[in-house]
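Residue numbers (the numbering used here): 1051 to 1306.
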Amino acid sequence: MNNILVTGAGGLIGGIIIEKIDNNNFVGLDIVASKYSKTIISDISDIEKLKNIMLSNKIDTVIHLAAYPSVSDEWEIIRKNNIEGTRNVFDASRIAKVKKIIFASSNHAVGLYENDHPYKEIISGNYDNLEGDFDLIKPDCLVRPDSFYGISKAFGENLGRYFHEKYGIKIACLRIGTVNKDNSPLIGTKYGSKRSFATWCSHDDLAGLIEACIISEKITFDIFFGVSNNKWKIWDVSNQKGILNYSPKSNAESFR
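This is the structure:
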């Protein structure tokens, strides 16, 4: 069984993973205590400390969740936490000979596609004028970040590609959609709850995707969208079946 370090274990997604994935070999890392008893209180600013944590716990897989999550934050706080911190985690993983990194990217790395037809109409709930099928946004699309936060996640993806091609670490980047503590698309966002009917990812689907990434032997450098099988999803999840033997199951329409 994999020995897995979860950075940001005290956050929402860290809690979902630890609660729903059956693995007693999780080691959490966060700046605050969490309900998970094996969480180490530390941050991601010190490569040497990260390396020692990985080596002493014989970590072979890292799930990197730790980040400053706001799309409205100023550059300096994003740079310190999401860019320099992510670089520290990746470099410590290299030194500690970690085999796989699962990186929590974000839909905000490609968020400006939502300015385009038909995605603009879909996320605002205007379905009536849509004609026929539409192309989904694919994992290999050009990045179009919508914020400094989105830029930091696009940076993390490119850092992952470098660490895979240079050092052979297996990298899975997850462009995670709308996840909330209520596990519902009915929670308000920029467009009220309308956007969430396209972007919602259930707790079960998120945990299932991450568990599939832990298990899969086919990952090289891959990008996956973390979104449920929503009727109005705008992101393509078809690559998950072949690489991960996984497909999301929840559908936001069940809440209408």
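Glycine included, C-beta positions come from ideal geometry on N, C-alpha and C.
Under 8 Å between C-beta atoms of Ile1269 and Lys1188:
no
Just to confirm, are Asn1053 and Asn1138 a CB contact at a threshold of 8 Å?
no
Excluding five sequence neighbours on each side, which residues of the same chain lie with their C-beta closer than 7 Å to the C-beta of Ser1243?
Pro1235, Leu1236 and Ile1237
What are the partner residues of Phe1312, as DSSP defines its beta bridges?
Residue 1312 lies beyond the range of the chain shown here (1051 to 1306); nothing can be said about it.
Once you ignore the five residues that flank Asn1230 on each side, which residues in its own chain have a CB closer than 6 Å to its CB?
Ile1237
Counting beta carbon pairs with one atom in the stretch 1078-1085 and one in the stretch 1271-1290, are three or more of them shorter than 8 Å?
no
By how many angstroms is the C-alpha of Gly1210 removed from the C-alpha of Ala1146?
16 Å
Rounded separation between Thr1228 and Met1104 - CA only:
30 Å
Please go through the stretch 1064-1149 and give each complete beta strand (DSSP E) segment of 3 or more residues, from N-terminal end onward.
1076-1080, 1089-1091 and 1111-1114
Rounded to whole angstroms, what's the CA-CA distance from Ile1219 to His1114? Just pull it up for me.
14 Å
Please report the distance separating the alpha-carbon of Ile1063 from that of Asp1183.
32 Å
Span of the alpha helix (DSSP H), counted from its first residue to its last, around Ala1222:
Ala1222 -> not in any alpha helix (DSSP H); beta strand (DSSP E) instead, spanning Lys1220 to Ile1226.
Can you look up Asp1232 in the DSSP assignment and give me helix, strand or coil?
coil
Own chain, CB closer than 7 Å to Phe1305, minus 5 neighbours either side, in chain order:
Ser1234, Pro1235 and Leu1236
Proximity of Lys1283 and Ala1248 at Cβ, strictly below 8 Å:
yes
Do the CB positions of Ile1264 and Thr1111 come within less than 8 Å of each other?
yes
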